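Engineer: Heads up, the sequence shown stops at 220 in our numbering, and the numbers go up one at a time, no gaps.
This is the structure I want to talk about, given as structure tokens.
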Amino acid sequence: MKGVPMTEALPVATVRTQVNVPLRFPDGYATTARVFTFDGLVDGREHLAMGLGDLFDAGRSVPLVRPHSECLTGDVFGSQRCDCGPQLREAVERIADVGGYVLYLRQEGRGIGLYSKLDAYALQDTGLDTYEANLALGHAEDERDYTAAAQMLRALGVERLAVLSNNPDKTVQLDRLGLTVTEQVPTGVFLSPANARYLAAKARRQVPYPRSSVA
Ligand SMILES: [Zn+2]
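Below, the structure written as structure tokens:
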């Protein structure tokens, strides 16, 4: 792994360690992740990159990358208030199939933190949507920042990538940070009675990224 020259916008981070971790999901799907840690990330948080599949797959010129924001309740406990758990599960398999990375970003609750996210859930139970609830708590609608994600990709030697996400903000931010996003690949939609309002609010607030395309 080799760093790239520092640009004004993006301080250099370096790979700190890498180690294989065998994964098995509750539905039995199993694969092995190459887990990378980093030095020099701007926010000082312990973000991970999980390398999946054949990272040098000749059939795909750019890695498929999912920037996934940590969601303790959804990723770990299977909360049905959001669709994070199924999205993470889908991303691991789709990326393992073609080669790429899950960037597991420690920005819980759209960046507002775990306790605030739970406070926002309580407000949502009074009728606010996920964005209005964040505003009522004095936060921005979405405080996620992908600078560390861009640093991690640079440290991994990734300059061009396909982004696996329905959220155009991720692509816009990575683009602005100097990476080349060749396509945005949509994820599945995981609807349940408990997350229907959440997903509807997400769909209302997001403007489609102009270069959206299907893999
Ligand atoms: Zn979630």
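Built from N, CA and C at the ideal position, the CB exists for glycine as well.
None of the values given here were measured: they were computed from a predicted structure.
Need the endpoints of the alpha helix (DSSP H) that leucine 123 sits in, please.
Structural biologist: Segment 119–129, the alpha helix (DSSP H) holding leucine 123.
Engineer: Can you give the Cα-Cα distance for valine 107 and histidine 73, rounded to whole angstroms?
Structural biologist: 7 angstroms
Engineer: Just to confirm, are leucine 57 and alanine 101 a CB contact at a threshold of 7 angstroms?
Structural biologist: Inclusion of leucine 57 and alanine 101 in the CB contact set at 7 angstroms is warranted, their separation being smaller than that value.
Engineer: Go through the region 86–117 residue by residue and report every complete run of the alpha helix (DSSP H) that reaches 4 residues or more, in order.
Structural biologist: 89–103
Engineer: So glycine 118 packs on aspartate 59, CB below 8 angstroms; how close in whole Å?
Structural biologist: That belief does not hold up - the Cβ atoms of glycine 118 and aspartate 59 are roughly 36 angstroms apart, past 8 angstroms.
Engineer: Classify aspartate 32 as helix, strand or coil using the three-state DSSP reduction.
Structural biologist: coil
Engineer: Can you pull the DSSP bridge partners for methionine 55?
Structural biologist: Answer by DSSP bridge pairing, in chain order: Val40, Val107.
Engineer: Using 6 angstroms as the cut-off, classify the Cβ of glycine 79 as near or not near the heavy atoms of ligand 1, replying yes or no.
Structural biologist: Flag set: Cβ of glycine 79 near ligand 1.
Engineer: Could you tell me whether the region 114–132 touches the region 167–180, using the rule of 3 or more Cβ pairs below 8 angstroms?
Structural biologist: Counting Cβ pairs under 8 angstroms, fewer than three are found: no touch.
Engineer: Check this for me: beta carbons of arginine 165 and threonine 185, under 7 angstroms apart or not?
Structural biologist: yes
Engineer: Once DSSP output is grouped into helix, strand and coil, what is the label at valine 9?
Structural biologist: At valine 9 the pLDDT is 47, less than 50, meaning the model places this residue with poor confidence and gives no usable figure here.
Engineer: CA-CA distance, threonine 37 and aspartate 88?
Structural biologist: 23 angstroms
Engineer: First and last residue of the beta strand (DSSP E) that includes valine 70?
Structural biologist: 69–74
Engineer: What did DSSP end up calling proline 27 once you bin it into helix, strand or coil?
Structural biologist: strand
Engineer: Excluding the 5 residues flanking leucine 229 on each side, which residues of the same chain have their C-beta closer than 7 angstroms to its C-beta?
Structural biologist: Residue 229 is absent from the model: the chain starts at 6 and stops at 220.
Engineer: Alpha carbon to alpha carbon, what distance is there between threonine 192 and cysteine 203?
Structural biologist: Residue 203 is actually tyrosine in this sequence, not cysteine. Spanning the two alpha carbons is a distance of roughly 16 angstroms.
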